[in-house]
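One structure below.
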Amino acid sequence: MTDVAVRPAPAVLDRNRVVTWLQDYGVYAAIVVLIAVNTAIKPSFFSMDNFRVQAFQVVPVLIVALGMALVITTEGIDLSVGAVIALSSAVIPLYLGYGPWLSIVIALVAGCVSGLLAGLMVAVANVQPIIATLALMIGLRGFAVILNGASAKSVTDETIGALGLDSWFGIPQEVWIAVVIVLVVAFVVRRTAFGRRLTAIGDNRAASALAGLPVKRVLVAVYVVSGLFAAIAGVFLVGHGGYADPSNYGLNYELSAITAVVVGGTPLTGGRIKVLGTVAGAVFMQLVAATLIQNNVKNSYSQMVEAVIIIGAVYAARGRSGR
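Heads up, the sequence shown is in the numbering used here, so the first residue is 75 and it goes up one at a time.
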């Protein structure tokens, strides 16, 4: 009997390579394509002025998405981030009379406390993340409206306005701060014991507990960080808009953040995180929105496009998230 070598079909290999490449680098290629298409349609799209406009729009979502990515890595979800944005914006005018920096600190503390409540419900009370954060999403926004009142309040402080409007070396301050946050998150995830515990817990929480990992502490910590990042986004929105409006600030930010995380390649099943991918996911979604606005597409159609992108990203992530 002669041995017959069986070779895999080249077409299958090529298909697998293409799928793997799209999973890993598709979002970056899509960003390049969107920039090229928009520049071809409107050359002014590729300009510093437009860069500033897009940066002001994407930075708050990006920062919230980074916190969301940490939570999703533990196989959780945080639906309260939009309400935390509303709460932090409501706190600022209340304490602005004591100085801008104190009001900012209190706003950030409010975000941390909100995240702490979510973390305790998930880690200690064993409430499902979607239920715990859904309850906070409803309650915190109502509390923010009570604090601020039904109408928007003007915030004209120069220090807070600078955070939302001013630039360093021609680049918005928001972008510089966002870069620092991205670098810190990437370092923590890749180079620290906390980052390794984070992915281990997301991959198998029960096994991590049996191995002696501080599961509850890690879970509480990621929700606190998510609340902190949402509060930072709230401060930026107040600085950029010049007013506090908890009735409208942060609406649908939880959906935008989840979309950026999923499009960036972090699986909803937990156990893996792509920090740079999350950044790219946020930028991609902002460019999609800018493209549709530039072509006078109605917001209702934009939402439909976003839904299709989410479904496509989840479908493409099936191979990544298998355990």
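In this text, a Cβ means the ideal position worked out from N, Cα and C, and glycines have one as well.
Secondary structure at residue i, three-state DSSP: helix, strand or coil?
{"i": "Y323", "result": "coil"}
{"i": "K290", "result": "helix"}
{"i": "I151", "result": "coil"}
{"i": "S118", "result": "helix"}
{"i": "A184", "result": "helix"}
{"i": "Q226", "result": "Sequence check: residue 226 is Ala here, not Gln. A226: coil per DSSP, three-state reduction."}
{"i": "F346", "result": "Residue identity differs from the one stated: residue 346 is Arg in this sequence, not Phe. Reduced to three states, the DSSP call for R346 is coil."}
{"i": "T113", "result": "helix"}
{"i": "I105", "result": "helix"}
{"i": "R397", "result": "Per-residue confidence for R397 stands at a pLDDT of 47, beneath the threshold of 50, marking its modelled position as unreliable; the derived number appears in the next sentence. Reduced to three states, the DSSP call for R397 is coil."}
{"i": "G276", "result": "helix"}
{"i": "V198", "result": "coil"}
{"i": "M75", "result": "Here M75 scores only 47 on pLDDT, less than 50, and its place in the model should not be relied on; the value that follows carries that caveat. Reduced to three states, the DSSP call for M75 is coil."}
{"i": "T340", "result": "coil"}
Tell me where the alpha helix (DSSP H) around residue i begins and ends.
{"i": "Y169", "result": "V155 to Y169"}
{"i": "Q202", "result": "Where Q202 is concerned, there is no enclosing alpha helix (DSSP H), given that its DSSP letter is neither H nor E."}
{"i": "V357", "result": "V349 to Q368"}
{"i": "R265", "result": "Q247 to R265"}
{"i": "R279", "result": "R279 to L284"}
{"i": "G238", "result": "E232 to L239"}
Going by the CB atoms, is the gap between residue j and residue i shorter than 9 Å?
{"i": "A164", "j": "V219", "result": "yes"}
{"i": "R215", "j": "A157", "result": "yes"}
{"i": "A206", "j": "V196", "result": "yes"}
{"i": "I178", "j": "V258", "result": "no"}
{"i": "P174", "j": "D240", "result": "no"}
{"i": "A114", "j": "P246", "result": "no"}
{"i": "I255", "j": "I180", "result": "no"}
{"i": "T266", "j": "T147", "result": "no"}
{"i": "A304", "j": "I166", "result": "no"}
In the DSSP assignment, what are the bridge partners of residue i?
{"i": "Y389", "result": "DSSP, once it has assigned bridges, lists no residue as partnering Y389."}
{"i": "A318", "result": "K227"}
{"i": "W242", "result": "I245"}
Would you be able to state if there are at least three C-beta pairs under 8 Å between the segment 300-314 and the segment 184-197? yes
The segment 142-152 touching the segment 344-352, judged by at least three CB pairs closer than 8 Å: Contact check between the segment 142-152 and the segment 344-352: three or more CB pairs, one atom from each, fall below 8 Å, which counts as touching.
Hey, is the segment 157-172 in contact with the segment 319-331, meaning 3+ C-beta pairs nearer than 8 Å? yes
Quick check: the segment 126-142 against the segment 306-315, are at least 3 beta-carbon pairs closer than 8 Å? yes
Count the CB pairs spanning the segment 103-122 and the segment 264-276 that are closer than 8 Å, and state whether there are at least three. no
Taking contact to mean 3 or more Cβ pairs, one atom from each stretch, closer than 8 Å, check whether the segment 329-349 and the segment 270-289 are in contact. A contact exists between the segment 329-349 and the segment 270-289.
Are at least three pairs of beta-carbons, each pair with one atom in the segment 358-366 and one in the segment 377-390, less than 8 Å apart? yes
If contact is defined by three or more beta carbon pairs under 8 Å, each pair taking one atom from either stretch, is the segment 331-342 in contact with the segment 225-232? Touching, no.
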